[in-house]
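Note that the working numbering has the sequence shown beginning at 129, numbered continuously upward. Okay, structure first, notes after.
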Amino acid sequence: MGQANTYTRVRRVTVIAMVAALGLGVSGCGILNGPAREIREINVSSSRLRDKTPLPSEYSCHGTKKSPPLRWSSDVLSRAKSIALVVDDTSSPNPAVHWVVYNIDPRTTELGEDASSDLPKEAGQAAVTSTKVGYEPPCDRAGSYRFSVYALSGRLEDTRSASLPDVLKMIAERTIARGRLTAVHIE
Numbered sequence: 129m130g131q132a133n134t135y136t137r138v139r140r141v142t143v144i145a146m147v148a149a150l151g152l153g154v155s156g157c158g159i160l161n162g163p164a165r166e167i168r169e170i171n172v173s174s175s176r177l178r179d180k181t182p183l184p185s186e187y188s189c190h191g192t193k194k195s196p197p198l199r200w201s202s203d204v205l206s207r208a209k210s211i212a213l214v215v216d217d218t219s220s221p222n223p224a225v226h227w228v229v230y231n232i233d234p235r236t237t238e239l240g241e242d243a244s245s246d247l248p249k250e251a252g253q254a255a256v257t258s259t260k261v262g263y264e265p266p267c268d269r270a271g272s273y274r275f276s277v278y279a280l281s282g283r284l285e286d287t288r289s290a291s292l293p294d295v296l297k298m299i300a301e302r303t304i305a306r307g308r309l310t311a312v313h314i315e
């Protein structure tokens with residue numbers, strides 16, 4: 129039992145560090161990307177989600193387990209070389225990354241419902257905290273789930289053997305704009 133608790137603590141610290149690094153790396157703090165740089169805004173919306181409202185249970189492990197539809201827009205998208213999406217939760221006792229999609233064509237401005245099973249051409253998904261590749265639906269009803277969209281200055285290469293922290297670092301290093309929609313808990 130002691131070894132299991134140690135593993136849980138190490139996993140929690142690792143996930144928090146990864147998500148914090150991604151957030152700081154793209155916030156202009158320069159932690160991951162050298163000198164501070166301006167990060168432009170992306171508007172993120174959904175036909176099924178509203179910012180700072182509950183995540184409909186159908187997009188959780190308590191429902192259909194499908195990823196929700198998302199849309200984004202920004203004037204900076206014309207300069208982007210690819211788009212990435214990260215869904216995470218750092219508010220619960222067990223913080224986690226639930227979905228990472230990268231190399232989305234920059235002309236793409238939305239993902240439909242259950243996009244994790246039908247990605248746009250050339251887009252890829254990284255293994256998340258649970259080691260599953262694809263959308264890992266949130267389960268903690270009290271969690272706060274962030275759906276973050278990143279416009280990137282380049283595509284992610286050599287991701288097949290990359291760890292989750294490496295993929296998040298690659299996203300942070302290439303971010304030129306970002307936006308976020310946050311669900312405050314699960315219905």
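By construction, the Cβ of each residue, glycine as well, lies at the ideal position given by its N, Cα and C atoms. Every value quoted in this text rests on a predicted model; they were computed, and no experiment measured them.
Where leucine 296 is concerned, the enclosing alpha helix (DSSP H) starts and stops at 292 to 302.
Take the alpha-carbon of serine 195 and the one of tyrosine 278: they are about 17 Å apart. At least 9 Å separates the beta-carbon of leucine 198 from that of tyrosine 230. Of all alpha-carbon atoms in Arg178, Ala254, Ile167 and Ala212, the one lying nearest the alpha-carbon of leucine 292 is that of Ala254. Beta-bridge partners assigned by DSSP to serine 173: Arg199.
For alanine 270, the closest alpha carbon among the candidates Gly282, Ser276 and His190 is that of His190. In this structure, serine 220 sits near serine 272, with a CB-CB distance shorter than 9 Å.
Taking a contact as a CB-CB distance under 8 Å, the pair proline 182 and alanine 311 counts as one, their CB atoms being some 6 Å apart. Closest by C-alpha distance to lysine 260, out of Arg235, Ser175 and Val225, is Val225.
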